[in-house]
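K.L.:
The structure follows.
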């Protein structure tokens, strides 16, 4: 039987965007393993210039990204057991036909390696579609639904065993029992399953192993290769590192020396650790409340090394220079955003808005004493605050005070949605006369890459080259240039996206207003009681002190 293994994906590294892809291609086409290139082949490219062709396609469609999480290519294998004696020529026919059917729109190289006891093939293909520029997408379960059945079909046509013949299990059953055991939990590789089960294989852990290992009597956590140190934080709008940077900025503004700077950070609940690095010299590491790992200051970016922090403290405490003496400033300026709050003010008639504000205070969402919350408290509260703020905005926008006014607001929003539906219909009606034009243009663009490849000497694209010329002549009869057609098509897409976005926002408003209706039903509003509770909400201590200072300054000016 033949088994398809999806063994790895290629990602950009420090060595280059396509260094991993180059390594896989060189391994697959290794002359020592393929009898000097006898058992090699390629589809939509040449074995001599496969990497250059793949890079050219990426650049043509603007998909040559340096992001470590992007995929530049895929490496698959097809292998037979040693008991099933499959000759190399038959294996080459199978892998060639497999690539032409399942990877027909991708540039790929394939080979049969003859250096092992069992016959096996290697496939390396580009992640970018040759014709339309779209990236290859593997859905969970495609191995059992598409790829392995196609391989079984090719083997059966040549009198070879299929997976079901030797295992007694269907592809789906084999996938569940074997492939799922091999599936990684790494977010970078969650779509690339290892299909073959290997003995003594342990399930991959998260970025750091859960159990520390010992080295020279010290505990350490093994770092898994190829992952990003702060991968999970990159998706968050407000990360732990940014939180620490803002606290460091605040501490610099409040301190007069480096020792006082460290005392302030410790007073805010940070655990401080000093160390020395061969590359960065002296450093300090901070561990905040709720944080498992420390952050070193030099990893926070420019302006956060010990020397930079010293200069910033000195610069803050130095007097301003004389008029004719230039200021020596060799650092970036920082904007500090405080996390304290101010009690919102609403009109006297917006009782429901004040009721929501009182509820936020009672539930502890508003910071009662103005103390510095930690990172996790902020993340937890921000979601609730945004929800309440959105409800307050809707209450004021549509003058919602009871269930009837809420129903009237929903009716008004429904009418706006109907108008958007009419606009979208008009866009489709206006596009109808140009439907054939756009269809011809898109097909021509699909064959454009093949046209240029044929012009550069790749004769296997002759059919697509001729088709491109034919479609180009048809478009010339319409009297529009390529740029005009492209602009018209982009304008249509932009307009449809705008309509969809506005419609989605209106539907979200309806959902929020329905929540407000439930809130009104559960809480019978007593206007006088709400006014009294709202006035009793205290201002934060810091805000009160600021108000007192402003009043004192005003008195001094008047005197």
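Residue numbers (UniProt numbering): 1 to 559.
Even glycine gets a Cβ: it sits at the ideal position worked out from N, Cα and C.
This structure is a prediction, so every number in the text was calculated from the model and none was measured.
Could you tell me which residues DSSP puts in a beta bridge with residue 284?
P.N.:
In DSSP, residue 284 forms a bridge with 274.
K.L.:
Taking the alpha carbon of residue 461 as the point to measure from, which residue in 142, 43 and 513 has its own alpha carbon closest?
P.N.:
Residue 43 is the option with its Cα nearest to residue 461.
K.L.:
Apart from the five residues just before and just after residue 51, which ones in its own chain have a Cβ nearer than 6 Å to its Cβ?
P.N.:
Closer than 6 Å at Cβ, skipping near neighbours: 22 and 25.
K.L.:
How far does the alpha helix (DSSP H) with residue 60 in it reach, from first residue to last?
P.N.:
From DSSP, the alpha helix (DSSP H) with residue 60 extends over 50 to 60.
K.L.:
From residue 56 to residue 446, what distance separates their C-alpha atoms?
P.N.:
The straight-line gap from Cα to Cα measures roughly 15 Å.
K.L.:
In terms of alpha-carbon separation, which member of 123, 119, 72 and 86 lies closest to residue 96?
P.N.:
Answer by Cα proximity: 123.
K.L.:
Would you report the Cα separation of residue 45 and residue 133, rounded to the nearest angstrom?
P.N.:
Cα to Cα, the separation comes out at about 15 Å.
K.L.:
Please say whether residue 135 and residue 172 have beta carbons closer to each other than 9 Å?
P.N.:
No; because the gap between Cβ atoms is not below 9 Å, this pair is not in contact.
K.L.:
With C-beta atoms as the reference, is residue 306 less than 9 Å away from residue 258?
P.N.:
Closer than 9 Å, so yes.
K.L.:
Does the stretch 456 to 471 come close enough to the stretch 512 to 519 to have 3 or more Cβ pairs within less than 8 Å?
P.N.:
The answer is no - the stretch 512 to 519 does not touch the stretch 456 to 471, with fewer than three Cβ pairs under 8 Å.
K.L.:
What's the C-alpha gap between residue 443 and residue 176?
P.N.:
The straight-line gap from Cα to Cα measures roughly 40 Å.
K.L.:
Return the Cβ separation of residue 60 and residue 449 in integer angstroms, given the expectation that the two are a contact with Cβ distance under 8 Å.
P.N.:
The Cβ separation is near 6 Å, so the contact holds.
K.L.:
Closest by CA to residue 503, which one among 103, 418 and 463?
P.N.:
Checking every option, the nearest Cα to that of residue 503 belongs to 418.
K.L.:
What do you reckon, are the CB atoms on residue 28 and residue 111 nearer than 9 Å?
P.N.:
It is a contact, given that the beta carbons lie within the stated cut-off.
K.L.:
Quick one: give me the first and last residue of the alpha helix (DSSP H) that residue 89 is part of.
P.N.:
Start and end: 88 to 102.
K.L.:
How far does the alpha helix (DSSP H) with residue 156 in it extend, from its first residue to its last?
P.N.:
Per DSSP, residue 156 belongs to the alpha helix (DSSP H) from 148 to 157.
K.L.:
How about residue 385 and residue 513: do their beta carbons lie closer than 9 Å?
P.N.:
Not a contact, by the Cβ cut-off of 9 Å.
K.L.:
Can the beta-carbon of residue 241 be found less than 9 Å from the beta-carbon of residue 299?
P.N.:
Yes, these two residues count as a Cβ contact at 9 Å.
K.L.:
Give the range of the alpha helix (DSSP H) segment to which residue 400 is assigned.
P.N.:
No alpha helix (DSSP H) holds residue 400; DSSP gives it neither H nor E.
K.L.:
Can you tell which of 64, 37 and 142 has the C-alpha that lies nearest to the C-alpha of residue 92?
P.N.:
The shortest Cα separation from residue 92 among 64, 37 and 142 belongs to 37.
K.L.:
DSSP three-state call for residue 73: helix, strand or coil?
P.N.:
Reduced to three states, the DSSP call for residue 73 is strand.
K.L.:
Can you check DSSP and say which residues form a bridge with residue 108?
P.N.:
Answer is 43 and 125.
K.L.:
For a test of the three-state rule: what should DSSP assign to residue 13, helix, strand or coil?
P.N.:
The answer is strand: DSSP assigns residue 13 an E or B state.
K.L.:
Quick check: residue 73 and residue 20, are their CB atoms within less than 9 Å of each other?
P.N.:
Taking 9 Å as the Cβ cut-off, residue 73 and residue 20 qualify as a contacting pair.
K.L.:
Within 10 angstroms of the Cβ of residue 550, are there 16 or more other Cβ atoms? Answer buried if so, exposed if not.
P.N.:
Result: exposed.
K.L.:
Could you compute how far the alpha carbon of residue 511 sits from the alpha carbon of residue 155?
P.N.:
Near 55 Å, if we compare the C-alpha coordinates of residue 155 and residue 511.
K.L.:
Please work out which residues of its chain come closer than 6 Å, Cβ to Cβ, to residue 206, disregarding the five sequence neighbours upstream and downstream, and give them in chain order.
P.N.:
Here residue 206 scores only 43 on pLDDT, less than 50, and its place in the model is too uncertain to base an answer on.
K.L.:
Does the distance from the C-beta atom of residue 420 to that of residue 492 stay below 9 Å?
P.N.:
No, the pair does not count as a contact, with Cβ atoms beyond the cut-off.
K.L.:
From 477, 556, 140 and 554, pick the residue whose C-alpha is nearest to that of residue 436; which is it?
P.N.:
Checked all of 477, 556, 140 and 554; the closest Cα to residue 436 is 477.
K.L.:
Just tell me which of 40, 101 and 412 has its CA closest to the CA of residue 509.
P.N.:
Among 40, 101 and 412, the Cα nearest to that of residue 509 is on 412.
K.L.:
Rounding to the nearest angstrom, what Cα-Cα distance links residue 161 and residue 169 in this structure?
P.N.:
For residue 161 and residue 169, the distance between alpha carbons rounds to 13 Å.
K.L.:
In chain order, what residues of the same chain have a beta carbon less than 7 Å from the beta carbon of residue 99, not counting five sequence neighbours either side?
P.N.:
Here the set comprises 43, 108, 110 and 123.
K.L.:
Pop quiz: residue 451 and residue 465 are said to be a contact at Cβ under 8 Å. What is the actual Cβ separation, rounded to whole angstroms?
P.N.:
With 8 Å as the limit, residue 451 and residue 465 qualify as a contact, their Cβ atoms being about 5 Å apart.
K.L.:
In the DSSP assignment, what residue or residues form a beta bridge with residue 2?
P.N.:
Residue 2 pairs with 80.
K.L.:
Of the residues 415, 496, 482 and 467, which one's Cα is nearest the Cα of residue 429?
P.N.:
Cα-wise, what sits closest to residue 429 is 496.
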